[in-house]
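Okay, so here's the structure we're looking at.
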Amino acid sequence: MIKQITVFLENKPGRMEEVTGCLADKKINIHALSIADTADFGILRMIVSDHDKAVSALKDKNFMVKTADVIAVAMGHSPGSLHDVLKKLRELDISIEYMYAFTSRSKNYDAIVIMRLENQDATLDKINGSGIQMLGRELLDRLNEV
327 MIKQITVFLE NKPGRMEEVT GCLADKKINI HALSIADTAD FGILRMIVSD
377 HDKAVSALKD KNFMVKTADV IAVAMGHSPG SLHDVLKKLR ELDISIEYMY
427 AFTSRSKNYD AIVIMRLENQ DATLDKINGS GIQMLGRELL DRLNEV
(Lines of atoms letter the chains of each structure in order from A and count residues from 1; the text may use other names and numbers.)
(Lines give C-alpha, C1' and ligand atoms only; values in the text may rest on other atoms or scores of the structure.)
Protein backbone atom coordinates (compact mmCIF):
# COMPACT_ATOMS: atom_id res chain seq x y z
CA MET A 1 0.00 0.00 0.00
CA ILE A 2 0.99 3.60 -0.42
CA LYS A 3 -0.02 6.78 1.39
CA GLN A 4 -2.46 9.23 -0.14
CA ILE A 5 -3.12 12.75 1.08
CA THR A 6 -6.66 14.13 1.05
CA VAL A 7 -7.18 17.88 1.38
CA PHE A 8 -10.60 19.43 1.90
CA LEU A 9 -10.89 22.77 0.11
CA GLU A 10 -13.50 25.50 0.05
CA ASN A 11 -14.93 26.04 -3.42
CA LYS A 12 -13.43 29.45 -4.07
CA PRO A 13 -10.89 30.81 -6.54
CA GLY A 14 -7.26 30.26 -5.67
CA ARG A 15 -7.58 27.43 -3.14
CA MET A 16 -5.96 24.83 -5.41
CA GLU A 17 -3.18 27.30 -6.18
CA GLU A 18 -2.55 27.70 -2.45
CA VAL A 19 -2.11 23.93 -2.10
CA THR A 20 0.19 23.61 -5.10
CA GLY A 21 2.17 26.67 -3.98
CA CYS A 22 2.62 25.22 -0.51
CA LEU A 23 3.96 21.98 -1.98
CA ALA A 24 6.13 23.74 -4.56
CA ASP A 25 7.72 25.88 -1.83
CA LYS A 26 8.77 22.66 -0.05
CA LYS A 27 10.00 21.03 -3.31
CA ILE A 28 7.33 18.31 -3.10
CA ASN A 29 6.32 16.76 -6.41
CA ILE A 30 2.72 15.76 -7.11
CA HIS A 31 2.74 12.41 -8.91
CA ALA A 32 -1.04 11.99 -9.23
CA LEU A 33 -4.15 13.84 -8.18
CA SER A 34 -7.88 13.69 -8.32
CA ILE A 35 -10.42 16.30 -7.33
CA ALA A 36 -14.10 15.86 -6.68
CA ASP A 37 -16.45 18.57 -5.59
CA THR A 38 -19.62 19.05 -3.65
CA ALA A 39 -21.68 22.19 -3.41
CA ASP A 40 -19.54 23.61 -0.62
CA PHE A 41 -16.08 22.06 -0.85
CA GLY A 42 -13.68 20.05 -2.98
CA ILE A 43 -11.90 16.85 -2.09
CA LEU A 44 -8.34 16.80 -3.42
CA ARG A 45 -6.56 13.45 -3.34
CA MET A 46 -2.84 13.26 -4.10
CA ILE A 47 0.12 10.94 -4.28
CA VAL A 48 3.22 13.03 -3.61
CA SER A 49 6.99 12.58 -3.49
CA ASP A 50 7.27 13.12 0.28
CA HIS A 51 4.07 12.28 2.13
CA ASP A 52 5.15 13.29 5.66
CA LYS A 53 6.70 16.57 4.55
CA ALA A 54 3.59 17.42 2.51
CA VAL A 55 1.19 16.69 5.38
CA SER A 56 3.25 18.85 7.71
CA ALA A 57 3.50 21.73 5.22
CA LEU A 58 -0.23 21.68 4.45
CA LYS A 59 -1.22 21.53 8.12
CA ASP A 60 1.14 24.44 8.83
CA LYS A 61 -0.94 26.43 6.31
CA ASN A 62 -4.16 25.38 8.11
CA PHE A 63 -5.45 23.02 5.43
CA MET A 64 -7.68 20.20 6.61
CA VAL A 65 -5.60 17.13 5.71
CA LYS A 66 -6.31 13.42 6.03
CA THR A 67 -4.13 10.44 5.14
CA ALA A 68 -5.32 7.15 3.69
CA ASP A 69 -3.73 3.92 2.58
CA VAL A 70 -4.50 3.12 -1.03
CA ILE A 71 -3.33 0.50 -3.46
CA ALA A 72 -1.50 1.18 -6.70
CA VAL A 73 -2.14 -1.26 -9.52
CA ALA A 74 0.13 -1.51 -12.56
CA MET A 75 -1.35 -2.20 -15.95
CA GLY A 76 -0.63 -1.95 -19.61
CA HIS A 77 -1.86 0.76 -21.92
CA SER A 78 -4.04 -1.29 -24.21
CA PRO A 79 -7.76 -1.78 -24.72
CA GLY A 80 -9.23 -3.92 -21.96
CA SER A 81 -6.40 -3.57 -19.41
CA LEU A 82 -8.55 -1.76 -16.87
CA HIS A 83 -11.50 -4.00 -17.64
CA ASP A 84 -9.41 -7.08 -16.85
CA VAL A 85 -8.43 -5.70 -13.43
CA LEU A 86 -11.99 -4.65 -12.63
CA LYS A 87 -13.30 -8.06 -13.68
CA LYS A 88 -10.84 -9.79 -11.32
CA LEU A 89 -11.89 -7.50 -8.47
CA ARG A 90 -15.56 -8.32 -9.13
CA GLU A 91 -14.77 -12.03 -9.22
CA LEU A 92 -13.08 -11.60 -5.82
CA ASP A 93 -16.20 -9.70 -4.60
CA ILE A 94 -14.15 -6.54 -3.93
CA SER A 95 -15.84 -3.13 -4.19
CA ILE A 96 -13.99 0.04 -5.14
CA GLU A 97 -14.69 3.22 -3.17
CA TYR A 98 -12.86 5.43 -5.68
CA MET A 99 -10.01 5.35 -8.16
CA TYR A 100 -7.92 7.54 -10.41
CA ALA A 101 -5.08 6.86 -12.82
CA PHE A 102 -1.87 8.30 -14.18
CA THR A 103 0.77 7.24 -16.69
CA SER A 104 4.06 5.70 -15.72
CA ARG A 105 7.64 6.34 -16.74
CA SER A 106 8.53 2.75 -15.92
CA LYS A 107 9.37 0.27 -18.64
CA ASN A 108 7.59 -2.46 -16.63
CA TYR A 109 4.09 -0.99 -16.99
CA ASP A 110 2.40 1.89 -18.77
CA ALA A 111 -0.26 3.06 -16.36
CA ILE A 112 -0.94 3.11 -12.64
CA VAL A 113 -4.40 3.09 -11.11
CA ILE A 114 -4.81 4.27 -7.53
CA MET A 115 -7.69 2.58 -5.72
CA ARG A 116 -9.30 2.78 -2.34
CA LEU A 117 -11.17 -0.44 -1.72
CA GLU A 118 -14.09 -1.16 0.54
CA ASN A 119 -12.81 -3.11 3.57
CA GLN A 120 -9.34 -2.63 2.12
CA ASP A 121 -7.29 -4.29 4.85
CA ALA A 122 -9.49 -7.38 4.76
CA THR A 123 -9.41 -7.66 0.96
CA LEU A 124 -5.66 -7.42 0.38
CA ASP A 125 -5.19 -11.13 1.00
CA LYS A 126 -7.77 -11.85 -1.70
CA ILE A 127 -5.82 -9.74 -4.22
CA ASN A 128 -2.50 -11.47 -3.57
CA GLY A 129 -2.21 -14.35 -6.01
CA SER A 130 -4.97 -12.98 -8.25
CA GLY A 131 -2.63 -11.79 -10.98
CA ILE A 132 -3.27 -8.13 -10.18
CA GLN A 133 0.10 -6.38 -10.01
CA MET A 134 0.07 -4.19 -6.91
CA LEU A 135 2.87 -1.69 -6.38
CA GLY A 136 4.20 -0.51 -3.04
CA ARG A 137 6.80 1.88 -1.73
CA GLU A 138 9.12 1.02 -4.63
CA LEU A 139 6.64 2.82 -6.91
CA LEU A 140 7.25 6.12 -5.15
CA ASP A 141 10.98 5.52 -5.11
CA ARG A 142 10.92 5.11 -8.91
CA LEU A 143 8.65 8.11 -9.41
CA ASN A 144 10.95 10.23 -7.26
CA GLU A 145 13.95 9.48 -9.48
CA VAL A 146 14.93 12.41 -11.62
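Each residue of the sequence shown is one higher than the one before, counting from 327 in the working numbering. Where is the CB? At the ideal position from N, CA and C, for every residue including glycine.
Query	Result
Sequence-distant residues of the same chain with beta carbon closer than 7 angstroms to K413, five excluded per side	none
M342 - DSSP class collapsed to helix/strand/coil	helix
Sequence-distant residues of its chain with Cβ nearer than 6 angstroms to A398 (five each side left out)	I328, I438, I440, L461 and L465
Coarse secondary structure for A365, derived from DSSP in three states	coil
Best match in G402, S430, Q330 and I422 for proximity to L450 [C-alpha to C-alpha]	I422
Cβ distance (whole Å) where V391 is taken to contact V333 below 8 angstroms	6 angstroms
As assigned by DSSP and simplified to three states, the class of K353	coil
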